[in-house]
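Have a look at the structure below, then the notes.
Printed below as a string of structure tokens:
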């Protein structure tokens, strides 16, 4: 073997090792994005589970505020039915808006606000809203890292070869929800 | 974030290796010195003819025995004592290994028990628990850390555990009393930042290594002073080489602990900054942590009962508050940390923290390295949450006190209608008691046995006690209020419920059976 062929083989092996490392890095990032999305899903599910309790409790004190309650229920069922990231973004944004309005309404019922069970539920709901926010934040950070990686040289070559596609960000579409992502209780 | 962790890991490895080499060198030198202490009389190399002959051609006509240079003597001394040196190294490594094993297996439980931390369940402190969950999500931790509460009035917090899967976050009762939700979030985010950046594992490993170096130097010092007195009683002095070796060993034994501690502390301070930056990134709200730090420093009564060894683990060192920069401080000056957080100007990313750091420290200084910065993005901060302190301070501190009573397993708080709070011992046997102020008789309610469970004969019921798996809630309890409540299980044990208890069943601590809890009718 001439020194040239040895050189070519060594270079080829090195390139292969580097490529494998890069590929593994991309896989790691993509899985991080998937995990982050799973976390959002868990929290959204939790929110959907809490809403019927909330609606029942508010009904007991403010049953005549039908339209607001119905809007919450409608938004919830729409959110439960949503499938893709984009659909979910829109539906959850609507739900956040409807919930925010319900919570403003609760302000007018001191009896309800003094109820211990309601306070416990309120803490759960606040926390779930926060968790959705933080899960979204972590998801979007992961997506950003991943998207940047697959678009930059030299990873973009590998990304093209193995079909790594950019992921969608998760944004809450409702403008009201964007302004006040937290439930304002007290 | 990911890049920062990777770099952290590499830098930590280098530092650990440096400390390890220092430890081994110390072991070797001490071994060599001990060798000469033991074989004192063969240690005079100044006129060794064998060595001379082996090195140079013999000069036949010389009657004077040649004197070797100090360098040659030293080589000779080291050559003779290499076995003892190796033994010294092995002993040093073994001491280190044993300390590491102890630290890894029981480090966090030792830590938790020295500060008196109790693990709590979600029902007892839902807000704290929720905040920990929120921050674990924000940091993307694989599991939620265990949550502990410390019976201590001064506000403080720490994290422990060898990796993100086995982590613990502990806060003092004083912290819970004083901070609002945003501030609590900041503190927890700082601790979770430590967990996420693998600081705890590193600080444990490095701390143990520093401890081993200090320990070995100390042993050497003591034995040297003992050996030294022996030498003086001897009539002849040793060889020069031996003296030099001894001098070097003494120098290393003095310097090694100092250098090791300084390296360790410099690392500790850097990691505090990084944890602050991570907290800003996780919460997207730097003023939260800044407010918490302010409140913690404003509390002037020191927590004196804390062990010196665990002090660096806290968010603010409970023993020495860093007022100004010092080489021997575990934490950077708190005021400076607050200033950096507050000058982030509506941004919350790692990059923004670096900018604020430079602004406070002058342009040349930096806390994150260039490669971390390249991957760090600028992130906008969010606005403050609308929630203020959920209750007035008195009610809040009462809640925390009740929580402590329950988690420490000491007493059961029962509120009487006259406003008096009566604390019953956990093993209270009687079914009723009288309020000492108003004379009202309180009954300690008993859990009722369900209809279908009543068919079970008393004999089988007695045997059910030892059963760990109960016959599907054979026992139930109807709550009267939604506040603190306690009742007696049929076995005589007392079960307590907190205001936020919402699970379908509670388990009796005495017999272990599950009691179905029915919510109050209102």
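Residue numbers (our numbering), protein chains in the order written: chain A, 906 to 1091; chain B, 510 to 1031. The beta-carbon is built from N, C-alpha and C at its ideal position, and this holds for glycine as well. Predicted model, so just to flag it, every value in this text is computed and none were measured.
Since residue i is in the beta strand (DSSP E), which residue starts that stretch and which ends it?
{"i": "residue 1006 of chain B", "result": "1003–1006"}
{"i": "residue 984 of chain B", "result": "984–987"}
{"i": "residue 951 of chain B", "result": "950–952"}
{"i": "residue 628 of chain B", "result": "626–628"}
{"i": "residue 943 of chain B", "result": "941–943"}
{"i": "residue 1027 of chain B", "result": "1023–1027"}
{"i": "residue 1015 of chain B", "result": "1014–1016"}
{"i": "residue 656 of chain B", "result": "655–659"}
{"i": "residue 933 of chain B", "result": "930–934"}
{"i": "residue 997 of chain B", "result": "994–997"}
Cβ of residue i less than 8 Å from any chain B Cβ?
{"i": "residue 983 of chain A", "result": "no"}
{"i": "residue 1019 of chain A", "result": "no"}
{"i": "residue 1001 of chain A", "result": "no"}
{"i": "residue 1083 of chain A", "result": "With a pLDDT of 45 at residue 1083 of chain A, under the threshold of 50, the modelled position of that residue is not reliable, and no figure is offered here."}
{"i": "residue 1080 of chain A", "result": "Only weak support exists for where residue 1080 of chain A lies, its pLDDT of 46 falling under 50; the value from the coordinates is given anyway. For residue 1080 of chain A, the answer is no, since every Cβ of chain B falls outside 8 Å of its Cβ."}
With C-beta atoms as the reference, is residue i less than 8 Å away from residue j?
{"i": "residue 824 of chain B", "j": "residue 665 of chain B", "result": "yes"}
{"i": "residue 725 of chain B", "j": "residue 650 of chain B", "result": "no"}
{"i": "residue 841 of chain B", "j": "residue 663 of chain B", "result": "no"}
{"i": "residue 862 of chain B", "j": "residue 786 of chain B", "result": "yes"}
{"i": "residue 843 of chain B", "j": "residue 783 of chain B", "result": "no"}
{"i": "residue 927 of chain B", "j": "residue 951 of chain B", "result": "no"}
{"i": "residue 838 of chain B", "j": "residue 780 of chain B", "result": "no"}
{"i": "residue 1044 of chain A", "j": "residue 980 of chain A", "result": "no"}
{"i": "residue 1028 of chain A", "j": "residue 639 of chain B", "result": "yes"}
{"i": "residue 772 of chain B", "j": "residue 529 of chain B", "result": "no"}
{"i": "residue 857 of chain B", "j": "residue 796 of chain B", "result": "no"}
{"i": "residue 918 of chain A", "j": "residue 1051 of chain A", "result": "no"}
{"i": "residue 1024 of chain B", "j": "residue 1015 of chain B", "result": "yes"}
{"i": "residue 648 of chain B", "j": "residue 791 of chain B", "result": "yes"}
{"i": "residue 945 of chain A", "j": "residue 1006 of chain A", "result": "no"}
So that I know if they touch, is there some Cβ in chain A lying closer than 8 Å to that of residue i?
{"i": "residue 980 of chain B", "result": "Low local confidence applies: a pLDDT of 49 at residue 980 of chain B is under 50, so the model's placement there is unreliable, with the coordinate-based value given in what follows. Not an interface residue."}
{"i": "residue 1030 of chain B", "result": "no"}
{"i": "residue 995 of chain B", "result": "no"}
{"i": "residue 914 of chain B", "result": "no"}
{"i": "residue 664 of chain B", "result": "no"}
{"i": "residue 643 of chain B", "result": "yes"}
{"i": "residue 551 of chain B", "result": "Low per-residue confidence applies at residue 551 of chain B: pLDDT is 48, beneath 50, and the placement is therefore not dependable, though the value from the model is reported in the following sentence. So no, residue 551 of chain B is outside the interface."}
{"i": "residue 636 of chain B", "result": "yes"}
{"i": "residue 793 of chain B", "result": "yes"}
{"i": "residue 1019 of chain B", "result": "no"}
{"i": "residue 1027 of chain B", "result": "no"}
{"i": "residue 519 of chain B", "result": "no"}
{"i": "residue 555 of chain B", "result": "Residue placement at residue 555 of chain B is poorly supported in this model, since its pLDDT is 47, which falls under 50; the coordinates still yield a value, given next. So, not an interface residue."}
Mind pulling the chain A residues with CB within less than 9 Å of residue i?
{"i": "residue 639 of chain B", "result": "1028, 1029, 1031, 1032, 1033, 1035 and 1036"}
On the DSSP letters alone, give me the boundaries of the alpha helix (DSSP H) that residue i sits inside.
{"i": "residue 939 of chain A", "result": "908–967"}
{"i": "residue 634 of chain B", "result": "Run containing residue 634 of chain B: none; DSSP gives neither H nor E here."}
{"i": "residue 1006 of chain A", "result": "990–1011"}
{"i": "residue 1035 of chain A", "result": "1021–1056"}
{"i": "residue 984 of chain A", "result": "971–986"}
{"i": "residue 797 of chain B", "result": "795–807"}
{"i": "residue 828 of chain B", "result": "Residue 828 of chain B -> no alpha helix (DSSP H), and no H or E assigned at all."}
In chain B, what lies closer than 7 Å to residue i by C-beta?
{"i": "residue 1043 of chain A", "result": "646, 647 and 649"}
{"i": "residue 1040 of chain A", "result": "646"}
Please compile the residues from chain B whose C-beta is within a distance smaller than 9 Å of the C-beta of residue i.
{"i": "residue 944 of chain A", "result": "646 and 649"}
{"i": "residue 1074 of chain A", "result": "Simply none; closest approach about 13 Å."}
Going along chain B, which residues have a C-beta under 8 Å from residue i?
{"i": "residue 941 of chain A", "result": "649"}
Who are the neighbours of residue i on chain A, taking C-beta pairs under 7 Å?
{"i": "residue 1011 of chain B", "result": "1025"}
Looking at residue i and the ligand NAD, is the gap between the Cβ and the nearest heavy atom below 7 Å?
{"i": "residue 996 of chain B", "result": "Ligands are entirely absent from the displayed structure, and the ligand NAD is therefore not among its contents."}
Query - Within the segment 666–712 of chain B, ranges of the beta strand (DSSP E) (whole runs, at least 3 residues) - result: DSSP runs (the beta strand (DSSP E)) wholly in the segment 666–712 of chain B: 666–669 and 677–681.
Query raised in the report: What are the complete alpha helix (DSSP H) segments, minimum 4 residues, inside the segment 840–873 of chain B?
Result: The qualifying runs are 843–851 and 859–870.
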